[in-house]
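Worksheet for the structure shown next.
Numbering (our numbering), first residue to last: 12 to 186.
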């Protein structure tokens, strides 16, 4: 977004004291800005006591703080791993497919608190099967698997916030 576009957006948003005062033309301008600026992930306009605007950016590169850093193993452990690798044949490489979050929101593993989760590691899923819920703007969105296979990893905890494109599950399509 250019500095001029940012200035125009700032001027527009200064005139938004609450949701009741926002004009349709302002909503159209915000929608146009989203279409023309792929680096903007979303624009959220809040009114009344939560007056303000939240703009999220999309990013191809993950943030350093979002990914835990891997610590190097102690030398003796590395030597043991090498010895174990020589003593047995290499494990076959599994090509896991990812189920990613289609939106920003809160991840829920079950349809309601205390209920059984939709899926667990080791469960078989089929394309179209509900695997979780992501709450976004007070709307519960059921997320469906796009692939069939065996769930090998669940990468988020219940009630954890998730980002657009974040890996939720890894599935073995050959399992």
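Glycine included, C-beta positions come from ideal geometry on N, C-alpha and C.
For residue i: DSSP bridge partner residues
i, result
"residue 151", "146"
"residue 183", "161"
"residue 108", "182"
"residue 135", "161"
Option in the options with minimal Cα separation from residue i
i, options, result
"residue 162", "171, 150, 131, 42", "131"
"residue 134", "113, 144, 180, 151", "180"
"residue 167", "20, 43, 119, 115", "119"
"residue 183", "48, 170, 156", "156"
"residue 149", "16, 164, 117, 49", "117"
"residue 172", "19, 50, 113", "113"
"residue 176", "115, 129, 142, 138", "115"
Backbone secondary structure at residue i - three-state DSSP
i, result
"residue 115", "coil"
"residue 50", "coil"
"residue 38", "helix"
Close-in-space but distant-in-sequence residues of the same chain around residue i (CB under 6 Å, 5 per side omitted)
i, result
"residue 178", "109, 111, 166"
The ligand ATP heavy atom lying under 7 Å from the CB of residue i
i, result
"residue 135", "Only the bare structure without any ligand can be found here, which leaves the ligand ATP out of the picture."
Residues near residue i in its chain [Cβ-Cβ closer than 7 Å; skip 5 each side]
i, result
"residue 147", "114, 115, 116"
The stretch 121 to 128 contacting the stretch 104 to 113, beta-carbon criterion three pairs below 8 Å:
With the cut-off at 8 Å, the stretch 121 to 128 and the stretch 104 to 113 do not touch.
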